[in-house]
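Just so you know, the sequences run in chain order A and B. Residue numbering for the first sequence follows numbering that gives the first Met the number 0, beginning at 0 and increasing consecutively. Residue numbering for the second sequence follows numbering that gives the first Met the number 0, beginning at 0 and increasing consecutively. We put the CB at the ideal spot given by N, CA and C, even for glycine. Structure first, commentary second.
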Amino acid sequence: MARALGSLDLPHDPRLLVGLTTGDDAGVYKIREDLALIQTIDFITPVVDDPFFFGQIAAANALSDVYAMGGDPLMAMNVVCFPACKLDMGVLGEILKGGLSKVKEAGAVLVGGHSVDDLELKYGLSVTGVVHPEKVVTNAGARPEDLLFLTKPLGLGVVATAIKGGLAEPPVAEKVGKIMATLNRDSSREMLKRGVHACTDVTGFGLVGHGLEMARASGVTLEIELDMLPIIKEALEYAAMGLIPAGAYDNQECYREGVDYAREPGDLEMFLYDPQTSGGLLIALPPDTARDFPWPCIGRVVEGEGRIRLV
Amino acid sequence: MKKVVDARGLACPQPVLMTKEALESIEEGVITVLVDNMASRENVKRFAQRMGCTVDVSERDGAFELKIVKGFTCELPQYQGEPEKAEEGPVILITSDKLGEEEELGHLLMKGFISTLKEATRKPSKLLFMNTGVYLTVEGSPVLEALRELEAKGVEIYSCGTCLDYFNLKDKLAVGHITNMYDTVEGLTGARLVVRV
């Protein structure tokens, strides 16, 4: 991807507060002194069998980037790739209903969409959000002594693989589906109240991949406490059985060199690289407002050169 | 029993599922799984180890070959025939009814030898009687009782069928079983130790 983007001749615009150059979650463009627009797009292949549930998860996944920037979703459009000859239109209807339920929950409006015929089913949203230009939360503001929080447990990719292989028990699939379908809104609002320094959502590149983006953009090192990581307990068994998505190995190969293994993660290693579908927010809060933040604390920010250290 | 699972070109978690199915279909044996990417190689390896199997990974022609062994607790046998028992005693080949040249002394020595066998620290596993040795396993043999005691202790006693025929003793066999040349050859070549008297 970096190679593909590297060849683009991007114009410079002073109103672009966040763009392609910082590897952040969305684009942010200043309209007025008190208003900036957030633009993002995300679509995925199915992670659960039920179409309505899938629609909800895909929508929550797409809306998440707006929350990661500290904004509020305003409008959304459907992005659909559908194998019309293989699947019934009723299935698409259910997916769209699921997506719409989440757009509504986020307080945004569905204004349209686009679909193409495709051999493989994919669904997601293109989302426009709003944020105050001075309150944009990027992944570049983390400072030494900040505390790190993760708002959803790890292992979503592993469980998705188990679901795909028909080896996840229905209650587990349901529990994890609900985690994925949860909007990141509440944690986003709470972090804003506490003067958040940096935030990114943890998705396809896993905790380490997205954590490194934050560490590098902020010029710090993130110290992750292995014992404090929230992990879906059934995922530990699935991982031991080899139900680890290929993306986790790709992430490991790509990001491993950015990690200092001050402590060996053992069985937890692949969870650090596990790609999360509609994962939680990784938040860096100043120490004096971090007390009682109602999500798991997973470590701290320290002086460093844009790396992650496992302790 | 060997089985090959070709999971090349398949996405996660197909290779693991195919391996699972193959392992569940056998009690014991070797399954060879072929995959073409690192993720599948690692996943299949994890799965097999989780199932308590041993895994050997090698690379061949751009693909990974995983040999998964289920059930055997040691390496696969490299030869045909019975797996060795660690405590198996020697096979004793008796080709005469006397021990040594001299007639009278020879018979006496053989009687003494067979009677003392039951006191041996390392009990023989088999006694193979050939040529005039078969006179010792038929009716009227001076060592019948001793042989029956040995048989009761688990020592296998065989008499050559051809030899019994030759001496017209086939229906006079009084202890143990008739054996043929093939079993004799197997018994001798498969033995850890053969003592010929």
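- Secondary structure of His106/B (DSSP, three-state): helix.
- The residues Val68, in chain order, have a CB closer than 6 Å to that of Thr53/B in the same chain once the five nearest residues on each side in sequence are set aside.
- Within chain B, the residues placing a beta-carbon under 7 Å from that of Tyr248/A are Met37, Ala38 and Glu41, ordered along the chain.
- For a Cβ distance threshold of 7 Å, residue set Cys11 of chain B lies close to Pro244/A, ordered along the chain.
- In this structure, Met190/A is the residue among Thr276/A, Leu225/A, Met190/A and Val171/A with its C-alpha nearest to the C-alpha of Thr288/A.
- Assignment of beta-bridge partners to Cys80/A by DSSP yields Val115/A and Lys121/A.
- Between Tyr66/A and Ser187/A, the C-beta spacing is below 7 Å.
- Nearest in C-alpha terms to Phe166/B, of all of Gly132/B, Glu155/B and Val142/B, is Gly132/B.
- Taking a contact as a CB-CB distance under 8 Å, the pair Ala283/A and Leu147/A counts as one, their CB atoms being some 6 Å apart.
- Of all residues in the region 60-92 of chain A, none has a C-beta nearer than 9 Å to a C-beta of chain B.
- Between the alpha carbons of Ala61/A and Ser125/A lies a gap of roughly 7 Å.
- Nearest to Val154/B by C-alpha distance, out of Gly111/B, Ala38/B, His176/B and Gln48/B, is His176/B.
- For the pair Val47/A and Gly176/A, the CB atoms are nearer than the 7 Å cut-off.
- In summary, Tyr254/A is buried, with 16 or more beta-carbon neighbours lying within 10 Å of its beta-carbon over all protein chains present.
- Beyond the five residues adjoining it in sequence on each side, Leu99/A comes within less than 6 Å, by CB distance, of Leu109 in the same chain, given in chain order.
- Here the region 266-286 of chain A makes contact with the region 189-205 of chain A; the two share three or more CB pairs at distances below 8 Å.
- The DSSP-derived three-state label of Gly246/A is helix.
- The way I'd put it, the region 101-120 of chain A doesn't touch the region 8-16 of chain A; fewer than three beta-carbon pairs between them come closer than 8 Å.
- Residue pairing by DSSP puts Gly28/B in a beta bridge opposite Lys69/B.
- In the three-state reduction of the DSSP assignment, Thr150/A falls in the coil class.
- Cβ neighbours of Tyr157/B within its own chain (closer than 8 Å, five residues either side excluded): Lys125, Leu126, Leu127, Phe128, Gly175, His176, Ile177, Thr178, Asp182, Thr183 and Gly186.
- In the DSSP assignment, Gln38/A falls within the unbroken beta strand (DSSP E) covering Leu34 to Ile43.
- Taking all protein chains in view, the Cβ of Met240/A is crowded by 16 or more other Cβ atoms within 10 Å, so the residue is classified as buried.
- Annotation: the continuous alpha helix (DSSP H) that includes Leu95/A extends over Met88 to Glu104.
- Taking a C-beta cut-off of 7 Å against chain B, the contacting residues of the region 220-243 of chain A are Ala239, Met240, Gly241, Leu242 and Ile243, listed in chain order.
- Contact of Gly164/A with chain B is assigned, a C-beta pair being separated by under 7 Å.
- For Arg59/B, the uninterrupted beta strand (DSSP E) run begins and ends at Thr53 to Arg59, by DSSP.
- Between the region 229-240 of chain A and the region 20-32 of chain B there are fewer than three inter-stretch CB-CB distances shorter than 8 Å, so the stretches are not counted as touching.
- At a cut-off of 7 Å, the C-beta of Thr276/A has no neighbouring C-beta in chain B.
- The beta carbon of Ala83/A sits closer than 8 Å to the beta carbons of Asp116 from its chain, once the five residues preceding and following it are set aside; these are given in chain order.
- Scanning chain A for C-beta atoms nearer than 7 Å to the C-beta of Leu16/B yields Gly164, reported in chain order.
- At least 7 Å separates the CB of Phe63/B from every CB of chain A.
- Fully contained in the region 132-187 of chain A are the following beta strand (DSSP E) runs of length 3 or more, in chain order: 146-149.
- Straight-line measurement puts the Cα of Leu16/B at about 52 Å from the Cα of Ile91/B.
- In the three-state DSSP reduction, Pro141/B falls in the coil class, being neither helix nor strand.
- Your pair Thr44/A and Ala25/A does not check out as a contact, with CB atoms roughly 21 Å apart and the cut at 8 Å.
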